[in-house]
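Residues in the sequence shown are numbered from 0 upward in steps of one, following numbering that gives the first Met the number 0. For reference, the structure discussed in these notes is given below.
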Amino acid sequence: MAFAEKRGNLYRARWRGPSGKLESKPGFPTKRDAENYAKDQEAAIRGGTYVDPRAGQTTLTEWVNRWFPAQDLEPSTLADYRNRIEVRILPAFGDCPLASLTEEAIAVWEMGLVKDGYARSTARAARTLLATILGDAIPRYIQANPAARRRGKGRKGRRRVERLERSEKVWPSPLQALLVAERCAALSGHDAEFVMMVTAAYTGMRWSELSGLAPQDVRDGALNVHWKLYELDGRFYRGRPKDGSVRTLDLPPFLQRLLVDHLRSVPTTRCTCHGTSAQWCDGTSEYAFLGPRGGHHRRSTFSRRVLRPAADGWYPKGRKPAMPVLVDAANHPGILLTPWPAVEPGDPYTPPRGRGRRLIPDETPLASWLPVLRGLTPHGLRHGHQTWMDEADVARAVKTERMGHELPGMQAIYSHISPTMRDHLVTVLERLWSRSLADRARMHPSSTVPIVDRLLAATAR
Numbered sequence: 000m001a002f003a004e005k006r007g008n009l010y011r012a013r014w015r016g017p018s019g020k021l022e023s024k025p026g027f028p029t030k031r032d033a034e035n036y037a038k039d040q041e042a043a044i045r046g047g048t049y050v051d052p053r054a055g056q057t058t059l060t061e062w063v064n065r066w067f068p069a070q071d072l073e074p075s076t077l078a079d080y081r082n083r084i085e086v087r088i089l090p091a092f093g094d095c096p097l098a099s100l101t102e103e104a105i106a107v108w109e110m111g112l113v114k115d116g117y118a119r120s121t122a123r124a125a126r127t128l129l130a131t132i133l134g135d136a137i138p139r140y141i142q143a144n145p146a147a148r149r150r151g152k153g154r155k156g157r158r159r160v161e162r163l164e165r166s167e168k169v170w171p172s173p174l175q176a177l178l179v180a181e182r183c184a185a186l187s188g189h190d191a192e193f194v195m196m197v198t199a200a201y202t203g204m205r206w207s208e209l210s211g212l213a214p215q216d217v218r219d220g221a222l223n224v225h226w227k228l229y230e231l232d233g234r235f236y237r238g239r240p241k242d243g244s245v246r247t248l249d250l251p252p253f254l255q256r257l258l259v260d261h262l263r264s265v266p267t268t269r270c271t272c273h274g275t276s277a278q279w280c281d282g283t284s285e286y287a288f289l290g291p292r293g294g295h296h297r298r299s300t301f302s303r304r305v306l307r308p309a310a311d312g313w314y315p316k317g318r319k320p321a322m323p324v325l326v327d328a329a330n331h332p333g334i335l336l337t338p339w340p341a342v343e344p345g346d347p348y349t350p351p352r353g354r355g356r357r358l359i360p361d362e363t364p365l366a367s368w369l370p371v372l373r374g375l376t377p378h379g380l381r382h383g384h385q386t387w388m389d390e391a392d393v394a395r396a397v398k399t400e401r402m403g404h405e406l407p408g409m410q411a412i413y414s415h416i417s418p419t420m421r422d423h424l425v426t427v428l429e430r431l432w433s434r435s436l437a438d439r440a441r442m443h444p445s446s447t448v449p450i451v452d453r454l455l456a457a458t459a460r
């Protein structure tokens, strides 16, 4: 029962905490004030909003050390959380008691990250994680979340620009997807990259799902998306697709043939990974798409060496300056030649010398690739697949299932996918492929990429 005790000229409030221990708070000028405060604490205990007076003195570091081990998330998400916590959150607030954190201090910290050179999205992600951490401290340690953003605060114009930038994700047309896939195979020297990129464009699979695709997942007219594989700390983690989006995709006939022929032609589908944990790729599983040496494609490496040059027509800047992709212009898309830096406008041209110069005879007709679609990423192929289905009026339930999403509300209960809907999607994708291949044949009747050359020959016949 709540009561008050006189302590000198002031009164102290007393009440029983959730554990049964007698709690207190001194400093009240009157007995009634002390009793009212104690009764409020008892009401908070009954209502589930009680905050332990001593718990609020727990530092953020102490709370994070309790909170983080209890999180059941994907390893990649945990690694991202750990980086945000150790690099941006704890250096600023690690020694602060939870009860001392204020909205003003957190807002100043977020803006300070931007001033220190971090992108606004990085600063926003750090605050979002801090809000998640503090949200789990309610009500035992704090009563309100000082990191939570109030609805409607912030610059409206900036939010509109950010939404516009997100909506302007680069996505390809069917012909652009075909051209980029052809260039990827030309850069890598293997037909497998062509099949991989076409599969990504015509299924909407995520990069991790494409990497985790197994040969047995290719069925008659369908493709199972049951696993994903992504890189983390130099190793590859094997798990279920994002948000548990396990699904089976309908395949158009051309893609069925491409995948079957590809699996018959590759020397092995067993990767070169080593390990003892089933959670990580240990080299005992088989995969439909592997690198030339039997390893998995690393997304950043593949983007830098293959996809970026194929889409942009330039090798991106890295250890070497950005350079145009040089090819033998007698063929299409051309035989790759040793790249050289581009000449700056107004500077005199100096012929390249050295080992690479001997690889380019004087009579070789040189050319550099024009960009197909600047800024295209593997995820941009997924955006393109969604857009193609939108343009063809594919049923929403089919699109949602194919992209690995869920219909909202009552639509998820009453929407069903009929065989007619599936046949319509397959017909649309087959038609898009035939048109893009015909457009490619009009550009040039042959290709230096063997698989594309065979497809063009079949189209001509």
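Don't be surprised by glycine CBs; every beta carbon is placed ideally from N, CA and C. All values reported here derive from a predicted model rather than from experimental measurement.
By the beta-carbon neighbour count (other beta carbons within 10 angstroms, threshold 16), N144 is buried. With fewer than three CB-CB distances shorter than 8 Å, the stretch 321 to 331 does not count as touching the stretch 283 to 297. Residue environment analysis places Q215 among the exposed positions, since fewer than 16 neighbouring C-beta atoms fall within 10 angstroms of its C-beta. Residue pairing from DSSP leaves S75 without any beta-bridge partner.
One alpha carbon belongs to A200, the other to P171, and they sit about 9 Å apart. Taking C-alpha positions only, R81 is separated from L129 by approximately 12 Å.
For the pair T131 and D94, the CB atoms are not nearer than the 7 Å cut-off. Bridge pairing for L248: L222 [DSSP]. Residue state for S23 is assigned as strand, using DSSP reduced to three classes. A straight line joining the alpha-carbon of W387 with that of F92 spans about 47 Å. V326 has L335, A366 as its beta-bridge partners, per DSSP. Residue range 298 to 301 is occupied by the alpha helix (DSSP H) that includes F301. With a contact defined as Cβ atoms closer than 8 Å, L21 and R13 qualify at about 6 Å.
Shown here for P138: same chain residues with a beta carbon closer than 7 Å to its own, the five before and five after excluded, namely G47, T48, Y49, V50 in chain order. Of the other Cβ atoms in all chains shown, 16 or more fall within 10 Å of the Cβ of S210; this residue is therefore buried.
Distances from the alpha-carbon of Q175 to those of G374, E103, A104, T458 put G374 closest. When the alpha-carbon of A146 is set against those of P173, P252, E102, R297, the nearest one is in E102. Residue L436 holds the alpha-carbon nearest to the alpha-carbon of V197 among Y314, H443, V86, L436. Contact check for A185 and L380: beta-carbon distance about 18 Å, past the 8 Å limit, so the pair fails to qualify.
For H296, the closest C-alpha among the options T283, L212, T426 is that of L212. Q56 places its beta carbon 7 Å or farther from that of P90. Looking from the CA of S367, the closest CA among T337, D346, E390, P28 belongs to T337. About 45 Å separates the Cβ atoms of D232 and A457, ruling out a contact at the 8 Å cut-off. Secondary structure of L454 (DSSP, three-state): helix. Bounds of the beta strand (DSSP E) holding W14 are 9 to 15.
Counting the other Cβ atoms within 10 Å of the Cβ of S446 gives 16 or more, which makes it buried.
The continuous beta strand (DSSP E) containing Y236 extends over residues 234 to 238. Within the model, the alpha-carbon separation for E400 versus R246 is close to 7 Å. Annotation for H261: D190, A191, V194, A287 place their beta carbon closer than 8 Å to its own, counting only its chain and skipping 5 residues before and after. Here F92 is not bridged, per DSSP, to any residue. A straight-line Cα-Cα distance of about 6 Å links A341 and M322. About 12 Å separates the Cβ atoms of L431 and V393, ruling out a contact at the 8 Å cut-off. Bridge pairing for Y314: M322 [DSSP]. Burial state of Q40 is buried, judged by a 10 Å Cβ sphere holding 16 or more other Cβ atoms.
Excluding residues up to 5 positions away in sequence, L455, T458, A459 lie with their Cβ nearer than 7 Å to the Cβ of A440 in the same chain.
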